[in-house]
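Enquirer:
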Amino acid sequence: MLLSKKFVSDYIDLPKELSIKQIADDMTSVGNEYDSAGPLINCTNLIVGKVLECVNHKDSDHLHVCKVDIGSEVLNIVCGAPNVREGIKVIVALPGAVLPGGEIKKGVIRGVESNGMLCSIKELGLDNKFLEPKDIEGIHELPLDTKVGTDPIKALELDDEVIDFELTSNRGDLLSILGMAYELGAIYKKDVKDIDLTYKENKENIKDEFKIEIKTTDCPLFLAKKVKNVVIKESPKFIKNRLIASGIRPINNVVDISNYVMLETGQPLHYYDANRLGDTLIVRNANCNEKLVTLDGNERNLNENDIVIANKNEAVGLAGVMGGLSTEIENDTKDIIIESAIFDSIKIRKTSKKILRSEASNRFEKGLDPKRTYMAIERSCALLEKYADAEIVGGMLIHDTVDKDEKVIEVRYEKVNKVLGIEIPKDEIVSILKALGFKTLEKEDIVIVTVPTRRLDIKIEEDLIEEIGRIYGIDKIQGKLPELPLKLGKYNKVKREIKNKLASLGLNETLTYSLIPQSEVHKFTTDTFEEIMLADPMSEDRNTLRYSLLYSLKEVFEYNNARNNSDISIFEIGKSFYKENNEYKEKLNLAVLLSGNYYLDIKKTKVDFYILKGIVEELLDYLGFNGRYSFITGNVPSELHPGVSALINIQGNNIGIIGKLHPNVTKKDIFVFEIDLDKLLSLHPSKMTYKDISKYPSIVKDVAFVVNKNILNGDITTLIKKAGGRMLNQIEVFDVYTGENVKENEKSIAYTLTFKDDSKTLSDEEVMQVFNKIINDVTSKLNCTVRDK
Amino acid sequence: MEKEQERKNIIESLEKELKVIKTKNDLANLKALYLGKNGIVTNLSLKMKDIPNEEKREYGKFLNEIKDEVSLKLETLLKEIERKELEEKLASEKIDITLPSKKIKKGSLHPMTRIQNEFEDIFVSMGYTVYDGPEIESDKNCFQKLNIPKGHPARDAQDTFYLKDEYENFLIRSQTSTAQVRAMEENKEKGPIRIVCPGKVYRRDEDATHSHQFMQIEGLVIDENVSMADLKGTLELFCKKILGEKTNVRFRPSYFPFTEPSVEVDVTCFKCGGKGCSLCKQTGWIEVLGAGMVHPNVLEMSGYDSKKYQGFAFGTGMDRFAMFKYGIPDIRTIYGNDIRFLNQFDRKDGE
């Protein structure tokens, strides 16, 4: 909302000494933020001059050399405008003048000295939409009676200042000069002046020649008046300039008045050419696929949710948004039907969102004061009579189902201070309410407030407390800490601990998008589930909620790889989304991706399956699952290498997958794992307890088995563990060998077995007995041999 | 005198031989030559049988003395040789300490995690519980129960992602304020609440300062006597902790459908310290939070008695804080996950 200082000054006497910036800041402190505040024309060093002499430049076919009288002196100025000539009054930008296009300097143009510039309107910085061709092509010619040496901006009556407000959506009342006047009045304790609604009516009555039919519940209030014999012409300068300052393009006096009144009252109006319209106005919902050509010449396709204004034949206007082309005011328009109405704000919001946002729709959407609906139609008549020579037809057509009672709200003084946490005296509370233009009735502990209908946003006591707070100065509240009982704060500690653990293992945490392409959502998993898609995604790439995080991590890998970052070890903890039995479900996943080098020594270590497996084990050990997990072969996602992948299992529960990405997925060596954290953490980790450190020595034995290549280390260790029993304390693989002395289809795995008893020193015989049992069991059950024996 | 001469001869010959000994091995041989089974000193004791009885004691003492003297000399040289050997070993082991280290890969927490941890720690220390709500939400929880009915203009500011076939029914949350509703609904006693809810939110928006996915945190305190002054004090404490002790907090009236009164909260510009700069548009203030007193309708809709209870709520974008705190100009950097970006967050922050 652009607020013109001149415009609002019609209705309130602002303190003279206030700068526009100060007004804007004061408005901000009561809750009305602004984007910019300053003069409408942002130029310095302009002066009215008279062209005394104008001759062609000797070295140019279009430049003129002028002698310009500015009162104090006569300046030599070179000017290229086609309309410059002796005798006209012009806008002179003196050397040092700062215009939107830059600074004016003394100079020499093709050998001739030039001490300034003669200006067009465009050069003053007005937006193109306000300019006519003559304002762009030539310098501006001021009226011949303009006094030389004075301020041309004043002469043009463009000496206005403007604040561009960014208003909150509850304050529809501020989308009007009157609303702004009340707000400023509350700040500066000034009264708002009355608006002139006086006009004469002729002896005719609109009811005799025109009727309205409201065929929808979406139009609670509809008023129509008729005026005759308007004279269409250019608007008076003040109307044009105030429209310009408010960002609206002047058209002609009649159209301008409808906009002017909308700006004043906040009530959008529509004027129909009465003779093109016929004798009836119907308000109804549009038919399915009904067509309407709006004022801007565009054909709009409508449906039952849009409200239209129609005559007997067709729709002639899109209610609350824009009028129709067929009945618009044209230069030959004589008689006018004025519409002032209220439409359902939600319907207007939906229609305008779909079709077009306009000054009118913006106001309808936020809700209107029914009293202003009446005021605006009266104000329209007053101005049309005054500035368009209109004859006002008697009577008004009224469809009115709106409650116009003013709300009466009790405010408890105690509650005000209890909510704000401050002590505002009773009389100050009352004086603030009065300054806002509310009627008050003071009682012992309460004040009864009557809220004018223009303040649709105020419904309950708390709304008035906010009013009191913001006018009093909400920032004057002194902060204090709440007096609340001591209480233990809680947070998800384990999630943080996992993150810290993985970061300490050299992994970078990433944060990626939950939305991925639908085509990717079933990858990196063997689970069957129903994916969740968006109704209205921003792009196909982000239309589905992810199930696995690995697609996202692979994207991060690719992004980095394209930037020559090849050593990637990353992790992320995030939600996994799916639909099950018609319910939306979320679970927490952890995913890790490794590629390139892990140790960045001079001799770097390339990432492999075992480094990744080490990370999984480190994490699971850390979380207290030591000795409970295993890596087993099984049904892994097809995106993993079938020979370099496994399921991560904790005592029969598969909690995740691990493996190298399949060569069909990427040519790079990428290793990943993903764990269902919710599932993992539901398997309670063991408690950490101290165990006595054994006083007795341990005995170490080495053995190597030569086995078929298909036999897994896991198969062997399972047998060793079983045969080793309690005495076997630790199994370590110290060598895996294939090559010379080992057959093609065989491998040798060497183990260091540690035997220990916490209650005594073991004898060699005892150990050998178990050791031999281990060898016997393994060799017989796996049909293998012991190497070097 | 004969004994004395003998001792002198042995010691002299020993000293002569010690002079040429360089290694522990040669020294061991020499030791054997004197103190071994048939060693020179050992052999002296053979003479014992020829010594008259009354002199035997004297001779024994002499033998011990000479044995001790020889041993001492051998031992002294042994120590000297060992010292030299160690010196040589150390010299030979000298390394180039300026060669590069064996680098262990850097790990790091994402800057948003760091910010979130900071936020959580401050509020947990004040007795707040961190509430983790779902990201898929109903329109009811995300809007209606926050006093934003269907068709409300405030919905415009949050262009929401609805789920397929669920328009105005189910969505991915556009604000963590949904946690307010959930926390109130889940509180069976309808008693006091003190929570913060950090998490991901989604809106149809994408440019240098907006990402379609970003991180918010919502705070809610409900009790019988909490006021705007308590809200201000809480946010002052919080902003000083996060942004530095010199930070001031300013309240400006504003509008949110779920709070009444509502305020926008500005803090001293962290770039210029309040003097005015391009970041704060010369105002000295930066808007960082939205807050207010919980609207009675919101309390009532979730079963709270608004006559007994009042509360305050606040919410902010954590990405904004991260961008300010670390000087990140473009929000897309945060979600780009360039390793060179992530690696910058591998250290403790200065206090």
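The listed protein sequences correspond, in order, to chains A and B. When the letters of the first sequence are read in order and numbered with the numbering used here, they come out as residues 1 to 789. When the letters of the second sequence are read in order and numbered with the numbering used here, they come out as residues 790 to 1140. All C-beta atoms, glycine included, are put in the ideal place defined by N, C-alpha and C. Please read these numbers as outputs of a predicted model, since none were measured by experiment.
#1: Rounded to whole angstroms, how far is the Cβ of residue 1016(B) from the Cβ of residue 421(A), which I believe are closer than 8 Å?
#2: Between the alpha carbons of residue 805(B) and residue 819(B), how many angstroms are there, rounded?
#3: Could you give the uninterrupted runs of the beta strand (DSSP E) lying entirely in the stretch 812 to 849 of chain B, keeping only those of 3 residues or more?
#4: How about residue 416(A): is its C-beta nearer than 8 Å to some C-beta of chain B?
#5: Considering only the alpha carbon of each residue, which of 835(B), 811(B), 854(B), 914(B) lies closest to residue 793(B)?
#6: Please report the straight-line C-alpha distance between residue 13(A) and residue 191(A), rounded to a whole angstrom.
#7: Enumerate, from N- to C-terminal direction, the unbroken alpha helix (DSSP H) stretches of 4 or more residues contained entirely within the stretch 126 to 172 of chain A.
#8: What number of angstroms, rounded off, separates the C-alpha of residue 177(A) from the C-alpha of residue 981(B)?
#9: Which same chain residues end up closer than 8 Å to residue 530(A) when comparing Cβ atoms and leaving out the 5 residues on each side of it in sequence?
#10: Once you ignore the five residues that flank residue 623(A) on each side, which residues in its own chain have a CB closer than 7 Å to its CB?
#11: Would you say residue 562(A) lies against chain B (beta-carbon separation less than 8 Å)?
#12: Kindly indicate if chain B contains any beta-carbon less than 8 Å away from that of residue 454(A).
#13: Pick helix, strand or coil for residue 547(A), following the three-state DSSP scheme.
#14: Please identify, using Cβ separations under 8 Å, the residues of the stretch 1115 to 1131 of chain B that lie next to chain A, in order along the chain.
#15: Alpha carbons only, please: which of 549(A), 342(A), 527(A), 565(A) is nearest the one belonging to residue 576(A)?
#16: Name the residue from 88(A), 83(A), 85(A), 106(A) whose alpha carbon lies nearest to the alpha carbon of residue 94(A).
#17: Give the secondary structure of residue 605(A) by DSSP, where H, G and I count as helix, E and B as strand, and everything else as coil.
#18: In or out: residue 267(A) buried (at least 16 other Cβ within 10 Å) or exposed?
#19: Going by DSSP, name the residue or residues bridged to residue 579(A).
#20: Around the C-beta of residue 361(A), are 16 or more other C-beta atoms found within 10 angstroms, so that it is buried, or is it exposed?
#21: Once you ignore the five residues that flank residue 593(A) on each side, which residues in its own chain have a CB closer than 8 Å to its CB?
#22: With a CB to CB cut of under 8 Å and the five nearest residues on each side skipped, what residues in its chain are close to residue 394(A)?
#23: Quick check: is the beta carbon of residue 983(B) nearer than 8 Å to any beta carbon in chain A?
#24: Starting from residue 1042(B), trace the beta strand (DSSP E) in both directions and tell me its first and last residue.
#25: Provide the residue span of the beta strand (DSSP E) that contains residue 794(B), from first to last.
#26: Please compile the residues from chain B whose C-beta is within a distance smaller than 8 Å of the C-beta of residue 565(A).
#27: Does the stretch 158 to 167 of chain A come within contact of the stretch 928 to 942 of chain B, defined as at least 3 CB pairs closer than 8 Å?
#28: Going by beta carbon distance, what residues of the same chain come within less than 6 Å of residue 807(B), once the five residues before and after it are set aside?
#29: Please confirm whether residue 502(A) has its beta-carbon closer than 8 Å to some beta-carbon of chain B.
#30: Report the residues of the stretch 991 to 1009 of chain B with a CB closer than 7 Å to any CB of chain A, ordered along the chain.
#31: Is residue 538(A) helix, strand or coil by DSSP?
#32: Let me check understanding here. Comparing Cα to Cα, which of 1070(B), 1078(B), 1045(B) lies closest to residue 1039(B)?
#33: Verify the CB distance criterion: does residue 1067(B) have a CB-CB separation below 8 Å to chain E?
#34: Cα-Cα, which of 90(A), 166(A), 110(A), 138(A) is closest to residue 147(A)?
#35: State buried or exposed for residue 991(B), treating a residue as buried only when at least 16 other CB atoms are found within 10 Å of its CB.
#36: Can you check the stretch 1080 to 1104 of chain B for any alpha helix (DSSP H) of at least 4 residues that lies completely inside it and give the ranges in chain order?
Expert: According to the structure shown:
#1: 3 Å
#2: 11 Å
#3: none
#4: no
#5: 854(B)
#6: 8 Å
#7: 133 to 137, 152 to 155
#8: 45 Å
#9: 578, 579, 580
#10: 685
#11: no
#12: no
#13: coil
#14: 1123, 1124, 1125, 1126, 1127, 1128, 1129, 1131
#15: 549(A)
#16: 106(A)
#17: strand
#18: buried
#19: 530(A), 584(A)
#20: buried
#21: 550, 553, 554, 556, 557, 568, 569, 570, 571, 670, 671, 672
#22: 201, 202, 203, 204, 205, 206
#23: yes
#24: 1038 to 1045
#25: Here residue 794(B) belongs to no beta strand (DSSP E); instead the alpha helix (DSSP H) covers 791 to 809.
#26: 1127, 1128, 1129
#27: no
#28: 866
#29: yes
#30: 993, 995, 1001, 1002
#31: coil
#32: 1078(B)
#33: Among the protein chains in the structure shown, which are A and B, there is no chain E.
#34: 90(A)
#35: buried
#36: 1085 to 1090
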